[in-house]
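Asks:
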Amino acid sequence: MKFIPLSRIALASATLVAASAQAAPLQNGSFGAGLDHWSTVGDVAVVTGPAAGHFFGGGSTLVLGTASLSNEDDTPFGAGAFNVSGTDVVLAAQANGAEANLGLSTGAFASATGADDAVEASSAAQSFFLNTGDTISFTWQVLTRDAFAGNGDSVNDSAWVAFSLAADPQQAATVTQTQLGNIGTLSLMTGSDGWRVTGLNTFSFTAATGGTARLGWGVNDMVDATGTTLLAIQNVTVQAAAVPEPASVALLLVALGVIGLSTLRRRQR
24 MKFIPLSRIA
34 LASATLVAAS
44 AQAAPLQNGS
54 FGAGLDHWST
64 VGDVAVVTGP
74 AAGHFFGGGS
84 TLVLGTASLS
94 NEDDTPFGAG
104 AFNVSGTDVV
114 LAAQANGAEA
124 NLGLSTGAFA
134 SATGADDAVE
144 ASSAAQSFFL
154 NTGDTISFTW
164 QVLTRDAFAG
174 NGDSVNDSAW
184 VAFSLAADPQ
194 QAATVTQTQL
204 GNIGTLSLMT
214 GSDGWRVTGL
224 NTFSFTAATG
234 GTARLGWGVN
244 DMVDATGTTL
254 LAIQNVTVQA
264 AAVPEPASVA
274 LLLVALGVIG
284 LSTLRRRQR
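Letter 82 of the sequence shown, counting from 1, is numbered 105 in my numbering, and no numbers are missing.
Right, dumping it as C-alpha cells:
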C-alpha cells in the first residue's frame, strides 16, 4: 500500500473544511437596508407600503419604473406623477445605461423583442459569489398604466431578468436575458387605483457551476414613452447547495488520520 503523508491528509482536510464553510454572499436580498449593495440606473427605489398610488404591502419592495420627471407620460397626471424614486429614467439604449448595468449590449431590450426602439428604462443589479448547485429565487409583479396593456402584441413595455456567471474571473461572462413578461400578453387585473397588475410570480433557477454571478432586472417602455410601467421585486434569496455537516467533516478527518497512521505502522514493521 502506498504511504500517504499526513501533511497531504491535513491539506486535503483543510481544503474540505474551507469548501464546506463557504456560503453564497448575496447581500440585502430582502431590501430591508434599502438599495445597499444594489447598483441602479434610472427610476429605482425600495418602498414600504404605498408608492406611485399603489400599495405594495408591508414589506420592502424593490420597484423599477419608466416614469419621466420631465415628460407627461401619464396624461392628465403631471410629469413624474408615478416616478417612485425622484431620479429620472434613462434612455434604454444609451451608453452605460440600464442595459449596460445588467451586462447587456446596447439595444438588447429592443432587439430581444424585434422592436425598433426601447425608450425609457431603469435597472438594478448586484454581483456576488455562488457555489455549484445554489438556487436563486425571487418574486416579481408587473404594474402598468399603458393604454396598450392586454392588446396581445408582444412588442410592448417589458420586464426582464438578466443573469451571468463566470467560473473564471479572468474571462467575460455570458449574460442570459429572460423576459419576465410584457404588458401586451401578461394576464393583468385592473385595480381601483388605476393600475393594471399581474399577480405575484416566483422565478427560480439553479447555478450549474460556481463563480462570480451578477443578477439584475430591467423594465422599459417599448416604441413610445406613453404610460408608466413598473416592475416590483421581493424576497431575493439564495438557497445553498447541501454541504457536509460539521460532524461529518470531523468524522472524515478522524478516518483520514486513522488510515494514515495505520499505513505508517505497516511500513515501520
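For every residue, glycine included, the Cβ atom is placed at its ideal position computed from N, Cα and C.
Note that the coordinates shown come from a computational prediction; the quantities given were computed from them, not determined experimentally.
1) For the alpha helix (DSSP H) containing F132, name the first residue and the last one.
2) Excluding sequence positions up to five away, which residues of its chain have a Cβ less than 6 Å from the Cβ of D297?
3) List in chain order: all unbroken alpha helix (DSSP H) runs of 4+ residues lying wholly within the segment 150-203.
4) Decide if S93 is buried, meaning its Cβ has at least 16 other Cβ atoms within 10 Å, or exposed.
5) Rounding to the nearest angstrom, what Cα-Cα distance links A230 and R237 in this structure?
6) State the start and end residues of the unbroken beta strand (DSSP E) segment that holds N124.
7) F54 and I159 look like a contact to me (Cβ under 8 Å); what is the Cβ gap, rounded to whole Å?
8) Between V105 and the rest of its own chain, which residues show a CB-CB distance below 8 Å, the 5 nearest in sequence each way excluded?
9) Compute the distance between the beta-carbons of A147 and T63, then report whether it is under 7 Å.
10) Could you give the DSSP three-state label for L209: helix, strand or coil?
11) Would you kindly work out how many angstroms separate the C-alpha atoms of S145 and A264, rounded to a whole number?
12) Thinking C-beta only, is T129 closer than 7 Å to D66?
13) For the beta strand (DSSP E) that contains T260, what are its first and last residues?
14) What is the C-beta distance between T221 and Q164, in whole angstroms, given that I count them as a contact (C-beta under 8 Å)?
15) Which partner residues of F226 appear in the DSSP bridge assignment?
16) Given a cut-off of 7 Å, decide if L127 and V70 are closer than it, judged by their beta-carbon atoms.
17) Quick check: P48 and F186, are their CB atoms within less than 7 Å of each other?
18) If the criterion is Cβ atoms closer than 7 Å, does the pair D176 and G204 meet it?
19) Within a Cβ cutoff of 8 Å, which residues of the same chain sit near L114, ignoring the five residues on either side of it in sequence?
20) Measure the C-alpha to C-alpha separation of T136 and W183 and round it to an integer number of angstroms.
21) Note down the Cα distance separating L188 from N258, rounded to an integer number of angstroms.
22) Using the three-state DSSP reduction, which class does E95 fall into: helix, strand or coil?
23) Determine the direct distance from the alpha carbon of G233 to that of P192, and round the result to whole angstroms.
24) Per DSSP, V298 forms a beta bridge with which residues?
25) What is the rounded straight-line gap between the Cα of V112 and the Cα of L153?
26) Please list the terminal residues of the continuous beta strand (DSSP E) segment that includes V242.
27) Can you tell me which of N174, H60, D247 and I256 puts its alpha carbon nearest to the alpha carbon of Q225?
28) According to DSSP, simplified to helix, strand and coil, what is V107?
Replies: On the basis of the coordinates in this document:
1) As a first step, residue 132 must be located in the sequence shown, where it is residue number 109. Where F132 is concerned, the enclosing alpha helix (DSSP H) stretches over A131 to S134.
2) The requested residue 297 is not part of the displayed model; the chain covers only 24 to 292.
3) none
4) Taking the first residue of the sequence shown as 1, we reach residue 93 at position 70. Counting Cβ neighbours within 10 Å, S93 comes out exposed, since fewer than 16 surround it.
5) Sequence index remark: in the sequence shown, residue 230 carries index 207 (1-based). Sequence index remark: in the sequence shown, residue 237 carries index 214 (1-based). Separation of A230 and R237 (C-alpha to C-alpha, rounded to the nearest whole angstrom) is 12 Å.
6) Working through the sequence shown from its first residue, we reach residue 124 at position 101. It is not in any beta strand (DSSP E) - N124 instead sits in the alpha helix (DSSP H) that spans A121 to N124.
7) For the purposes of this step, residue 54 is taken as residue 31 along the sequence shown, with counting starting at 1. For the purposes of this step, residue 159 is taken as residue 136 along the sequence shown, with counting starting at 1. Not quite, the Cβ-Cβ distance comes to about 15 Å (not below 8 Å), so this is no contact.
8) Residue 105 sits at position 82 when you count from the first residue of the sequence shown. It is worth fixing the name first, because residue 105 is Phe in this sequence and not Val. Cβ neighbours of F105 beyond the five flanking positions: A75, G76, G88, A90, D96, D97, R168, T251 and L253.
9) The sequence position of residue 147 within the sequence shown is 124, counting from 1. The sequence position of residue 63 within the sequence shown is 40, counting from 1. Closer than 7 Å, so yes.
10) Stepping through the sequence shown from its first residue, residue 209 is reached at position 186. Coil.
11) Mapped onto the sequence shown, residue 145 falls at position 122. Mapped onto the sequence shown, residue 264 falls at position 241. Rounded to the nearest angstrom, the two C-alpha atoms are 32 Å apart.
12) Reading the sequence shown from its first residue, position 43 is the one you call residue 66. Reading the sequence shown from its first residue, position 106 is the one you call residue 129. Against a cut-off of 7 Å, the Cβ pair of T129 and D66 comes out as no contact.
13) Counted from its first residue, the sequence shown places residue 260 at position 237. From DSSP, the beta strand (DSSP E) with T260 extends over T252 to Q262.
14) One-based indexing of the sequence shown puts residue 221 at position 198. One-based indexing of the sequence shown puts residue 164 at position 141. Their Cβ separation, rounded to whole angstroms, is 5 Å, which keeps T221 and Q164 in contact under 8 Å.
15) As a working note, residue 226 is residue 203 in the sequence shown. In the DSSP output, where bridge partners are listed per residue, F226 has F161.
16) One-based indexing of the sequence shown puts residue 70 at position 47. One-based indexing of the sequence shown puts residue 127 at position 104. Not in contact: V70 and L127 (Cβ atoms no closer than 7 Å).
17) Here residue 48 is taken as the residue at index 25 of the sequence shown, counted from 1. Here residue 186 is taken as the residue at index 163 of the sequence shown, counted from 1. Note that the C-beta distance between P48 and F186 is not below 7 Å.
18) For this step, residue 176 is matched to residue 153 along the sequence shown. For this step, residue 204 is matched to residue 181 along the sequence shown. No, Cβ-Cβ distance for D176 and G204 is not below 7 Å.
19) As a first step, residue 114 must be located in the sequence shown, where it is residue number 91. Taken in chain order, the residues that qualify are G120, V142, E143 and A144.
20) Locating residue 136 in the sequence shown gives position 113, counting from the first residue. Locating residue 183 in the sequence shown gives position 160, counting from the first residue. Answer to the nearest angstrom: the Cα atoms are 11 Å apart.
21) If you number the sequence shown from 1, residue 188 lands on position 165. If you number the sequence shown from 1, residue 258 lands on position 235. One C-alpha to the other measures close to 21 Å.
22) Taking the first residue of the sequence shown as position 1, residue 95 is located at position 72. Three-state DSSP puts E95 in coil, outside helix and strand.
23) Taking the sequence shown and counting its residues from 1, one reaches residue 192 at position 169. Taking the sequence shown and counting its residues from 1, one reaches residue 233 at position 210. Computed Cα separation, rounded: 11 Å.
24) With the chain represented from 24 up to 292, any question about residue 298 goes unanswered, as that position is not in the structure.
25) Counted from its first residue, the sequence shown places residue 112 at position 89. Counted from its first residue, the sequence shown places residue 153 at position 130. Answer to the nearest angstrom: the Cα atoms are 31 Å apart.
26) If you number the sequence shown from 1, residue 242 lands on position 219. Annotation: the continuous beta strand (DSSP E) that includes V242 extends over G234 to M245.
27) Locating residue 225 in the sequence shown gives position 202, counting from the first residue. A quick correction: the sequence has Thr, not Gln, at residue 225. Of the listed residues, the one whose Cα sits closest to T225 is I256.
28) Along the sequence shown, one-based indexing puts residue 107 at 84. In this structure, V107 counts as coil in the three-state DSSP scheme.
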